[in-house]
Amino acid sequence: MESSRKSQRLFTICILKILFLLVILTPTQLKSEEYMLKEYIPIGVTLQLYNFLQEASLTLPPTPVTIYYTKSLTEFHYLTDMPYNIGGIYENFQIIFQPREILVKKKIFEKVLLHELLHWVLYGLSEKYQEGLIYWYMGYYEKKEVDIFLNKFADFNYELPLFISYYWEK
Ligand SMILES: [Zn+2]
């Protein structure tokens with residue numbers, strides 16, 4: 001009796017582990033590859049990302065990001081429902097890009113990559129400030145989102161770690 005209960009418990013634990021693995025693996029359903037930052041991201045982008053982490057007093061998120069480069073603009077539009085002037089989108093620890101060759105040809109590959117990776121490292125920050133903060137950090141001051149961010153940022157005496165920790169939601 002005791003041993004059958006034990007094996008039943010073992011069975012339940014196994015099922016739970018499989019479910020857990022399924023949850024972990026779900027983002028890879030797109031057949032995307034998961035890259036470790038240091039192995040894959042161009043060194044220039046990695047350095048900028050680490051600079052940002054330092055300035056913001058953040059560390060890399062515990063959840064890895066999954067990066068998927070679509071094979072065509074049609075596929076990109078199909079998966080993201082975004083117009084072609086959007087190079088990539090970040091959502092829920094997953095980044096979907098336009099085909100890499102196209103971004104490279106437009107000379108925006110590294111910028112778009114950094115932009116989306118910053119969404120990833122800011123995963124806990126209130127979404128209404130993410131876009132503005134990222135555009136501001138990357139020098140796109142003309143974007144309207146930057147004003148929304150800067151208005152609030154001023155209240156924190158332009159202290160990035162303070163601002164981020166105040167609006168951190170996770
Ligand atoms: Zn963005």
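One point on numbering: in the working numbering, the residue at position 82 of the sequence shown is 82, and numbering is uninterrupted. Cβ atoms here follow ideal geometry from the backbone N, Cα and C, with glycine treated the same way.
Bridge-paired residues (DSSP) for residue i
| i | result |
| --- | --- |
| Gln94 | Thr66, Glu91 |
| Trp168 | Leu125 |
Which of helix, strand or coil DSSP assigns to residue i
| i | result |
| --- | --- |
| Leu125 | strand |
| Ile24 | Its pLDDT being 43, under 50, Ile24 is placed unreliably in this model, and the coordinates cannot settle the point. |
| Asn213 | Residue 213 cannot be examined here, being either before or after the span of the chain that is shown, 1 to 170. |
| Lys152 | helix |
| Ile134 | helix |
| Pro161 | helix |
| Thr80 | helix |
| Arg100 | helix |
| Ile108 | coil |
| Gln29 | Bear in mind that a pLDDT of 44 at Gln29, under 50, signals an unreliable position, so the number given afterwards is only what the model happens to contain. Helix. |
| Ile41 | coil |
| Tyr50 | helix |
| Glu142 | coil |
| Thr59 | coil |
CB-CB length for residue i against residue j, believed under 8 Å
| i | j | result |
| --- | --- | --- |
| Val45 | Leu114 | 5 Å |
| Leu73 | Ile96 | That belief does not hold up - the Cβ atoms of Leu73 and Ile96 are roughly 12 Å apart, past 8 Å. |
| Leu162 | Tyr137 | With 8 Å as the limit, Leu162 and Tyr137 do not qualify as a contact, their Cβ atoms being about 16 Å apart. |
| Glu131 | Glu145 | 4 Å |
| Glu169 | Gly124 | 6 Å |
| Tyr166 | Phe156 | 7 Å |
| Pro99 | Tyr69 | 6 Å |
| Gln94 | Thr66 | 5 Å |
Near ligand 2: residue i beta-carbon under 7 Å from a heavy atom
| i | result |
| --- | --- |
| Gln54 | For the structure depicted, ligand 2 is absent and the ligand set comprises only ligand 1. |
### Query
Of all residues in the structure, which have a C-beta closer than 6 Å to any heavy atom of ligand 1, taken in chain order?
His115, His119, Glu131, Ile134
### Query
Is it true that the region 105–112 meets the region 61–78, where meeting means three or more beta-carbon pairs spaced less than 8 Å apart?
no
### Query
Looking at C-beta atoms only, is the number of pairs between the region 80–89 and the region 145–160 that lie closer than 8 Å three or more?
no
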